[in-house]
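Below is one structure, written out as structure tokens; the observations come after it.
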Amino acid sequence: MSNFPELRTVTVTRYITPLREGGSLPALAEADDDFKYVLKFRGAGHGVKALIAEFLGGEIARLLGLKVPELVFANLDEAFGRTEADEEIQDLLQGSQGLNLGLHFLSGAITFDPAVTVVDEDSASKIVWLDAYITNVDRTFRNTNMLIWNRELWLIDHGAAFYFHHSWSNREKHAKSPFSLIKDHVLLPQAGRLQQMDDEFRKILSEEKLRQIVNAIPEDWLYWRETDETPEEIKEAYIEFLLTRLAHSEIFIKEAQDARQKLI
Numbered sequence: 019m020s021n022f023p024e025l026r027t028v029t030v031t032r033y034i035t036p037l038r039e040g041g042s043l044p045a046l047a048e049a050d051d052d053f054k055y056v057l058k059f060r061g062a063g064h065g066v067k068a069l070i071a072e073f074l075g076g077e078i079a080r081l082l083g084l085k086v087p088e089l090v091f092a093n094l095d096e097a098f099g100r101t102e103a104d105e106e107i108q109d110l111l112q113g114s115q116g117l118n119l120g121l122h123f124l125s126g127a128i129t130f131d132p133a134v135t136v137v138d139e140d141s142a143s144k145i146v147w148l149d150a151y152i153t154n155v156d157r158t159f160r161n162t163n164m165l166i167w168n169r170e171l172w173l174i175d176h177g178a179a180f181y182f183h184h185s186w187s188n189r190e191k192h193a194k195s196p197f198s199l200i201k202d203h204v205l206l207p208q209a210g211r212l213q214q215m216d217d218e219f220r221k222i223l224s225e226e227k228l229r230q231i232v233n234a235i236p237e238d239w240l241y242w243r244e245t246d247e248t249p250e251e252i253k254e255a256y257i258e259f260l261l262t263r264l265a266h267s268e269i270f271i272k273e274a275q276d277a278r279q280k281l282i
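Positions 19 to 282 (this note's numbering) are the ones given, in order, by the sequence shown.
In structure tokens, the structure reads:
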């Protein structure tokens with residue numbers, strides 16, 4: 019089976035500036051392809067698990083037809099960051115040698131503001147469905163994690179999704195959870211077509227496609243101190259989570275619909 023998605027791998031050549039608004043100290047950086055990227059570091063707070071969530075969330079969103087900046091694997095070599103004056107940043111760079119994750123920088127994009135931009139019912143329903151499926155806690159009024167670029171809505175920052183992997187226990191229970199935090203979703207009031215999106219997305223998200231996405235997680239990100247499981251077994255656990263959650267999507271759909279009724 020061909021590796022899907024085939025992300026490009028770039029080498030980071032220049033650290034430009036930290037992006038302080040992110041909890042995990044992402045940065046704007048330039049790579050050897052002359053493009054700029056928002057870089058997420060394996061040496062940051064949640065380590066490789068945030069990169070895995072970012073990767074899986076972004077690529078599932080893309081598969082569902084939503085707009086996400088191109089993701090790339092971003093290599094940091096050993097010497098990178100030694101001249102960085104800020105000690106915290108230098109430590110972060112030193113602890114992030116190897117493969118990290120970059121999102122193509124959308125120059126000139128503005129942060130989505132629900133008071134300014136009205137999102138149509140279909141788009142809102144698609145995004146709410148996605149976030150309920152991947153248990154993304156981070157698309158709220160306080161932190162919308164969406165950008166307007168070229169008059170289109172782009173999704174960014176899925177690093178807080180799949181939060182079950184931080185405990186790595188009761189995985190089946192997590193997969194069947196209603197995900198009550200969907201009540202805080204910034205687009206929930208507009209999401210009136212969740213059932214229709216469920217019917218549509220369940221056809222798109224075949225086991226084969228989900229396996230292709232999960233199998234593209236770099237093996238390098240799958241050696242965890244807290245488990246004896248092999249990278250293959252960890253991948254299988256993510257696949258199992260995604261398939262179980264999809265098979266029981268009526269649980270999170272009902273939760274979102276009920277929460278929406280209370281809002282409107």
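For each residue, glycine too, the CB sits at the ideal point set by N, CA and C.
Only a predicted model underlies this, so the values are computations on that prediction, with no experimental measurement involved.
Just mark residue i as buried or exposed, buried being the case when its beta carbon has 16 or more other beta carbons within 10 Å.
i           : result
residue 162 : buried
residue 267 : buried
residue 241 : exposed
residue 191 : exposed
residue 114 : buried
residue 28  : buried
residue 133 : exposed
Per DSSP, what kind of secondary structure is residue i in: helix, strand or coil?
i           : result
residue 136 : coil
residue 209 : coil
residue 144 : helix
residue 263 : helix
residue 116 : strand
residue 249 : helix
residue 241 : coil
Which same chain residues end up closer than 8 Å to residue i when comparing Cβ atoms and leaving out the 5 residues on each side of it in sequence?
i           : result
residue 269 : 194, 195 and 196
residue 139 : 208, 209, 210 and 211
residue 135 : 166 and 171
residue 35  : 45 and 46
Whose C-beta lies closer than 6 Å to the C-beta of residue i among residues of the same chain, with five residues either side of it excluded?
i           : result
residue 128 : 166
Could you check the C-alpha separation between residue i and residue j for me, to the nearest Å?
i           : j           : result
residue 93  : residue 271 : 39 Å
residue 58  : residue 158 : 21 Å
residue 5   : residue 219 : Given a span of 19 to 282 for the chain in the structure shown, any question on residue 5 remains unanswerable.
residue 188 : residue 147 : 23 Å
residue 101 : residue 33  : 10 Å
residue 237 : residue 88  : 21 Å
residue 25  : residue 199 : 31 Å
residue 130 : residue 164 : 5 Å
Which residues in the same chain have their Cβ closer than 7 Å to the Cβ of residue i, if we skip the five residues on either side of it in sequence?
i           : result
residue 235 : 70, 73 and 253
residue 275 : 212
Evaluate contact between the stretch 175 to 183 and the stretch 149 to 156, counting only Cβ atoms and requiring at least three cross-stretch pairs below 8 Å.
yes
Kindly confirm or deny that the stretch 223 to 232 and the stretch 64 to 82 touch, where touching means at least three C-beta pairs closer than 8 Å.
yes
Do three or more CB pairs link the stretch 118 to 136 to the stretch 47 to 54 at distances below 8 Å?
yes
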